[in-house]
Amino acid sequence: MDDKLIIQRLKELKAQIADLDKRMAAIDKQLDGDPSEETVTNCVQEVAKILDEREPILNEARQWLMLLNKKAPDIVTDAEALPN
-8 MDDKLIIQRL KELKAQIADL DKRMAAIDKQ LDGDPSEETV TNCVQEVAKI
42 LDEREPILNE ARQWLMLLNK KAPDIVTDAE ALPN
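Numbered according to the numbering used here, the sequence shown spans residues -8 to 75.
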């Protein structure tokens, strides 16, 4: 597979993680102040969903990075900066 395609996929995965991070930030805002028990319960459930969504994205990113590392270790140095 072409290195450019792999790096493009890593960028897409980074964008997906950024979207999940935005959802987490929105949940954090909901918990500011004195939230109701129902709000806390709903937020906990939403965080669990987000973590479930995040895991396969991170696993895929790791696989792509390992592939790049096998192909050319110097490329991975640049690509590792993507998920941050």
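No residue lacks a Cβ here, since even glycine has one placed at the ideal position from N, Cα and C.
Just so you know, these numbers come straight off a predicted model, no measurement behind them.
{"Check": "Buried/exposed call for A52, threshold 16 Cβ in 10 Å", "Outcome": "buried"}
{"Check": "The stretch 39 to 52 touching the stretch 19 to 28, judged by at least three CB pairs closer than 8 Å", "Outcome": "no"}
{"Check": "Which of helix, strand or coil DSSP assigns to D43", "Outcome": "helix"}
{"Check": "Beta-carbon spacing of L11, W55 below 8 Å", "Outcome": "no"}
{"Check": "Assigned exposure category for L22 - 16 Cβ within 10 Å defines buried", "Outcome": "exposed"}
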